[in-house]
Amino acid sequence: MATAQARGVVYIHSAPRALCPHLEWAVGRAIGRAVNFEWSEQPVLDGARRAEFYWDGPIGTGAVLATAIRGWEHLRFEVTEDPTPRSDGGRWLHTPDLGVHYAQTDAAGNIVIGEDRIRYALEISAGSAAELQRELDVALGTAWDDELEPFRHASDDARVVWLHKVG
């Protein structure tokens with residue numbers, strides 16, 4: 217039986233220039249082949265670089281990639297794995313201050329919060345709307361999104377827009 221395949225994107229939102237070749241090596245090792253990123257300046261952070269890399273590999277490669285590149289200081293990244301008929305999608309966010317946040321995603325890229333997590337948020341909030349909001353923000357990774365959003369906008373001027381074949 218053939219191994220089920222997935223695809224996704226590694227977004228390096230900001231990395232020190234000296235770290236760039238190490239990131240390429242780590243991603244290449246994680247997917248089993250050499251890779252070369254097309255690096256560009258990150259206008260949000262002086263001296264930082266940014267890149268996007270579209271990958272394909274066995275289901276679970278997103279987690280392998282996030283694990284391979286986490287832990288370096290001054291690195292901001294996002295790894296996505298698209299859902300397949302056999303697996304849920306995922307999104308891994310990393311910032312130097314917050315560490316890694318993982319969230320399951322649906323076919324449209326929306327974060328899916330499980331029933332047990334929602335029940336926990338309701339229980340912990342004990343009727344407080346403010347506490348419920350805080351718990352849901354944690355589950356959604358709002359702090360990570362808030363920190364990464366300015367870095368994401370830097371890619372709005374990217375030269376290439378990738379469209380995946382549908383169907």
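Heads up: the sequence shown runs through residues 217 to 383, numbered per the working numbering.
All residues carry an ideal CB built from backbone N, CA and C; glycine is no exception.
Quick caveat: nothing in here was measured; it's all calculated off a predicted structure.
Of the residues the options, the one placed nearest residue i, counting alpha carbons only
i    : options                : result
E297 : A282, H290, E289, G287 : A282
R350 : E363, L291, E365, I334 : I334
R249 : G273, L348, S230       : G273
R294 : T300, A267, I275, A323 : The sequence given here has Glu at residue 294, not Arg. Of the candidates T300, A267, I275, A323, the one whose C-alpha sits nearest the C-alpha of E294 is A267.
T311 : P299, R286, F253       : R286
L199 : I275, G276, Q258       : It is not possible to answer for residue 199, since the shown part of the chain is limited to 217 through 383.
G330 : P299, L356, L309       : L356
A246 : H229, E363, G276       : G276
S303 : E289, A284, A323       : A323
V226 : D262, A284, T358, L261 : A284
A242 : W288, F367, D362       : W288
D262 : L364, A231, G305       : A231
Helix, strand or coil at residue i according to DSSP, with G and I counted as helix
i    : result
W360 : helix
F293 : strand
S341 : helix
R286 : coil
F253 : coil
I327 : strand
G315 : strand
Rounded separation between residue i and residue j - CA only
i    : j    : result
N326 : W360 : 15 Å
E254 : A337 : 41 Å
L314 : Q221 : 30 Å
A279 : G244 : 14 Å
R233 : A264 : 6 Å
E339 : A346 : 13 Å
N252 : I228 : 13 Å
R307 : S256 : 23 Å
R223 : P301 : 12 Å
Which residues DSSP lists as bridging residue i, in chain order
i    : result
G305 : T321
Q412 : Absent from the model: residue 412. The displayed extent of the chain is 217 to 383, so no value can be given.
Y227 : E268, E294
P232 : A264
Proximity test, residue i beta-carbon vs the ligand MN heavy atom, cut-off 7 Å
i    : result
A355 : By its list of ligands, the structure shown contains no ligand whatsoever, and the ligand MN lies outside what it can speak to.
Cβ of residue i within 8 Å of any chain B Cβ
i    : result
A222 : The displayed structure is made up of one protein chain only, and chain B is not part of it.
Answer yes if the segment 314-325 comes into contact with the segment 232-240, meaning at least three C-beta pairs across the two stretches below 8 Å, and no otherwise. no
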